[in-house]
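A.B. asks: Residue numbers for the sequence shown, in my numbering: 17 to 271. Backbone N, C-alpha and C define an ideal beta-carbon position, used for all residues, glycine too.
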Amino acid sequence: MFVPLHDANRLKHIRLQYVTLAIIAANVLIFLGVNLAATEAGLFATVTSLGYTPAVVNDFAELPPELVWIPEEMSLVSYSFLHGDFWHLGGNMLFLWVFGDNVEDAMGHVRFLIFYLLCAIAGALAHGLMDPASAAPLIGASGAVAGIVGAYLLLHPRVRVWVLVLGRIPLPLPAWIPLGLWIGFQFAMIALMADDQVSWAAHIGGIVAGMALVLVLRRRGVPLFDREIRTPQAVEVDVSRPPAPTHGPWGRGGS
């Protein structure tokens, strides 16, 4: 639909979005270690062990003992650091790069990390709710990134974002247009029951969580919808002059 390139939205509360950068680095390093360095058998074992499999978490199935690397509940988070291929990774990390810094700025570093992980969990739970007995592992940061998109839309709908429309046409658009269309597309696809390799439910779970969590995790005083907070300005008084007399409603004679 569109590819985000850049947003003209400077940071206001933090100097550097180091949690966003750390998440991107972790995803890239894990991808390189798993997808490029591991054997095919190792890749299968990693995805099976660390991906979120609804049937396993919901006790419809069990993993072979040699593939039980972590408690099954931890897969609600670990799945979000695995990706199937470069395009899967690149798309998620691009959205995280463009929009994550301002959401981190609005929340602060620690709250943003909590926000990101909760959106990942919400995405996994929504995916499992759609098909509790699914034996296919879910992987990818899409649920967490969708939460960031939802939060950004509430925080900065009027900020102009440069996007590639249809992958070819660069346009600066108010964020509410591309992000609103993207969110609407996720709901349309799940309504159409699209049968493909994308978990639209995980996206929607992340979006809903992101929009709800930004309401409570943003810094005190950070507004929604790009509203400005105006504080009363001090009035300068020239103390070298005596104050001018005040007059009543009928002029100098007073009342």
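With a Cβ-Cβ cutoff of 8 Å, do W178 and P188 count as a contact?
C.D. replies: Yes. Within cutoff.
A.B. asks: Which residue or residues does DSSP assign as beta-bridge partners of R176?
C.D. replies: According to DSSP, which records beta bridges pairwise, R176 is partnered with P190.
A.B. asks: Quick check: what's the CA-CA separation for P148 versus S91?
C.D. replies: Spanning the two alpha carbons is a distance of roughly 15 Å.
A.B. asks: Give the range of the alpha helix (DSSP H) segment to which H104 is assigned.
C.D. replies: Residues 102–123.
A.B. asks: Following the continuous beta strand (DSSP E) through L21, name the residue where it begins and the one where it ends.
C.D. replies: 18–23 is the extent of the beta strand (DSSP E) around L21.
A.B. asks: What does the Cβ neighbour count give for Y34, buried or exposed, with the cut at 16 atoms within 10 Å?
C.D. replies: With fewer than 16 other Cβ atoms within 10 Å, it is exposed.
A.B. asks: Measuring alpha carbon to alpha carbon, tell me which of M123, W85, E88 ends up nearest L32.
C.D. replies: Looking at the Cα atoms, M123 is the closest of the given residues.
A.B. asks: May I ask which residues mark the beginning and end of the alpha helix (DSSP H) holding F76?
C.D. replies: Per DSSP, F76 belongs to no alpha helix (DSSP H) and is neither H nor E.
A.B. asks: Hey, I223 and V165: beta-carbon distance below 8 Å or not?
C.D. replies: Yes, the Cβ-Cβ distance between I223 and V165 is below 8 Å.
A.B. asks: Enumerate in chain order the residues of its own chain whose CB-to-CB distance from L169 is below 8 Å, with the five nearest sequence positions on each side excluded.
C.D. replies: For L169, where only same-chain residues beyond five positions count, the Cβ hits under 8 Å are A191, W192, L195, G196, I199, M227.
A.B. asks: For H84, does the count of other Cβ atoms within 10 angstroms reach 16, so buried, or fall short, so exposed?
C.D. replies: Position check: residue 84 holds Val in this sequence, whereas His was assumed. V84 should be labelled exposed.
A.B. asks: Can you tell me whether V89 is buried or exposed, with buried defined as 16 or more other CB within 10 angstroms of its CB?
C.D. replies: According to the sequence provided, residue 89 is Glu. The question's Val does not apply to it. Burial call: exposed.
A.B. asks: Quick one: is A53 buried, meaning 16 or more other Cβ sit within 10 Å of its Cβ, or exposed?
C.D. replies: Exposed, since its Cβ has fewer than 16 Cβ neighbours within 10 Å.
A.B. asks: Within 10 angstroms of the Cβ of F203, are there 16 or more other Cβ atoms? Answer buried if so, exposed if not.
C.D. replies: The residue is exposed, with fewer than 16 neighbouring Cβ atoms inside 10 Å.
A.B. asks: How many angstroms separate the CA atom of H172 from the CA atom of N118?
C.D. replies: Rounded to whole angstroms, H172 to N118 spans 9 Å at the Cα level.
A.B. asks: Can you list, in chain order, the stretches of the alpha helix (DSSP H) that have 4 or more residues and sit fully within the region 50–99?
C.D. replies: Listed in chain order, the complete alpha helix (DSSP H) runs (minimum 4 residues) inside the region 50–99 are 56–66, 70–73, 91–94.
A.B. asks: Look at the Cβ atom of A217, then the Cβ atom of L145, and state whether they are nearer than 8 Å.
C.D. replies: Yes, Cβ-Cβ distance for A217 and L145 is below 8 Å.
A.B. asks: Taking the C-alpha atoms as reference points, what is the distance between D75 and H104?
C.D. replies: Approximately 29 Å between the Cα atoms of the pair.
A.B. asks: Would you call I40 buried or exposed, if buried means 16 or more other Cβ atoms sit within 10 Å of its Cβ?
C.D. replies: Result: buried.
A.B. asks: To the nearest angstrom, how far is it from the Cα of D23 to the Cα of G116?
C.D. replies: Whole-angstrom Cα-Cα distance: 11 Å.
A.B. asks: Can you tell me where the alpha helix (DSSP H) holding H219 begins and where it ends?
C.D. replies: Its alpha helix (DSSP H) spans residues 216–233.
A.B. asks: Would you tell me roughly how many angstroms separate the C-alpha atoms of Y68 and A61, rounded to the nearest one?
C.D. replies: Cα to Cα, Y68 sits roughly 13 Å from A61.
A.B. asks: Do G221 and G139 have their C-beta atoms closer together than 8 Å?
C.D. replies: Yes, these two residues count as a Cβ contact at 8 Å.
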